[in-house]
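The opening residue of the sequence shown carries number 263 in the working numbering; numbering runs sequentially from there.
Ideal Cβ placement from N, Cα and C applies to all residues, glycine included.
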Amino acid sequence: MFESLNEKLEKSFKILKGQGKITEINIAETLKEVRRSLLDADVNFKIAKDFTNRVKEKALGQEVLTAVKPGQLMVKIVHDELAQLMGGEAENINLQGEPAIILMAGLQGSGKTTFSGKLANRLKQKEKKNPLLVACDIYRPAAIDQLKVVGEQINVPVYAEPENKNAVKIAEAAIKHAKANGHDVVIVDTAGRLAIDQDMMDEIAAVKKAINPSEILFVVDSMTGQDAVNTAKAFNDLLNFDGVILTKLDGDTRGGAALSIREVVQKPIKFVGTGEKMEALDVFHPSRMADRILG
Ligand code: GDP
């Protein structure tokens with residue numbers, strides 16, 4: 263198994279004991295360990311480098327008190343910096359509008375459909391909302407069926423028009439349907455592709471324009487590591503989304519994508535997916551994520 267960054271820092275900092283202050287020279291090896299660990303956790307190279315430089319600035323000149331282990335001091339600096347970069351405590355979803363409209367964006371397989379269900383379930387249970395799920399994936403009939411299965415599990419209706427090949431029209435009709443049937447939240451699940459593709463981007467941009475969502479959420483698989491950054495940037499450039507959903511954190515990834523995405527798009531991570539079940543949803547906690555990245 264990997265040695266955790268905590269352990270590595272403890273080790274490389276034993277040298278420092280009794281040296282008084284952290285200096286350029288005695289910190290070099292430790293910073294290398296920090297960077298290596300971030301790369302192991304799938305943080306993007308440039309971001310890992312910038313991050314390490316920032317940690318260095320914070321650490322230089324700090325007194326290494328004899329009472330505190332220097333390794334622990336360094337771990338704390340790295341941890342706090344990570345947590346700070348990933349944002350404050352979780353931010354809410356904007357539910358303004360009658361109905362409130364939430365648009366999902368992301369690549370195929372990222373977990374949009376699953377998360378749409380989880381969010382609908384959460385809003386229903388916790389906020390006593392009456393959500394409507396909308397199937398806007400017009401390319402894969404299986405996607406509509408999948409959303410219906412999800413809807414049945416949580417007892418939330420699904421709006422779909424299997425014969426209609428116009429995502430904008432379906433979304434508009436779904437909003438009308440929601441208004442007529444007393445739904446106060448509409449969650450629109452869109453088509454994804456395996457990679458960024460101009461047609462897909464044009465389509466989701468057109469859906470956004472037509473329905474003017476109160477919240478656009480970008481869903482990304484935390485296991486995709488470095489690629490997640492490019493995908494996030496492309497979607498954000500196009501949609502200027504409001505928040506990020508990081509899925510599949512129950513897998514064995516260290517979750518470095520969280521840091522990379524946050525740095526590149528400067529948007530909060532709002533929820534994390536921790537399993538396939540409808541209950542497997544957590545609010546994002548930067549401090550916990552920092553612990554995870556540190557290993
Ligand atoms: P979509 O194509 O973006 O709609 O993605 P799906 O919602 O269909 O998810 C793709 C696969 O990932 C499915 O098999 C889901 O069950 C699975 N999945 C989604 N979220 C999670 C999660 O948080 N953890 C795990 N382990 N699997 C997930």
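When the Cα of residue i is compared with those of the options, which residue comes out closest?
i	options	result
P424	I400, P393, E538	I400
P403	D553, N502, G454, E353	G454
V450	H547, D459, G413, L500	G413
V534	K388, I432, T314, S372	S372
L322	I507, C398, I339, V420	I339
A440	L381, K388, G379, A362	A362
G513	G537, T493, I523, D499	G537
T289	A310, T314, D489	Thr is not the amino acid found at residue 289; the sequence shown has Ile there. Out of A310, T314, D489, T314 has the C-alpha closest to the C-alpha of I289.
Q358	N474, F480, T292	N474
N356	G505, A552, E525	G505
G418	K386, E434, A405, R554	Looking at the sequence shown, residue 418 is not Gly but Val. Checking every option, the nearest Cα to that of V418 belongs to K386.
G379	R516, K410, A436, E353	K410
A468	D312, E353, I432, R297	I432
I478	A457, L501, T493	L501
E360	N498, V305, K532, D446	D446
C398	K374, K390, E389, L344	K374
E291	A490, L508, M336	M336
G557	L293, D302, K294	D302
P530	A345, N306, I309	A345
A457	F497, N443, S476, Y421	F497
Going by DSSP, which residues form a beta bridge with residue i?
i	result
A468	A468 is not bridged to any residue.
V506	F480, I531
L394	V448
Just verifying my parser: in three-state terms, what is the DSSP assignment at residue i?
i	result
I406	helix
D544	strand
L500	helix
L521	helix
G537	coil
Q370	coil
T515	coil
F264	In this prediction, F264 scores a pLDDT of 49, lower than 50, which makes its location untrustworthy; no coordinate-derived value is stated.
Which residues bound the beta strand (DSSP E) around residue i?
i	result
I400	That residue, I400, is in no beta strand (DSSP E); it is neither H nor E in DSSP.
M551	From DSSP, M551 is part of no beta strand (DSSP E) but of the alpha helix (DSSP H) over 548-556.
L365	362-367
Looking at the secondary structure, which residues open and close the alpha helix (DSSP H) in which residue i lies?
i	result
L381	374-389
Distance cutoff 8 Å, beta carbons only. Does residue i sit that close to anything in chain D?
i	result
I289	This model lacks chain D altogether; it includes just one protein chain.
Inset, instruction - Enumerate, from N- to C-terminal direction, the unbroken alpha helix (DSSP H) stretches of 4 or more residues contained entirely within the region 418-490. - result: DSSP runs (the alpha helix (DSSP H)) wholly in the region 418-490: 429-442, 460-473.
Query - Secondary structure, alpha helix (DSSP H): runs of 4+ residues fully inside the region 290-360 - result: 307-321, 332-347
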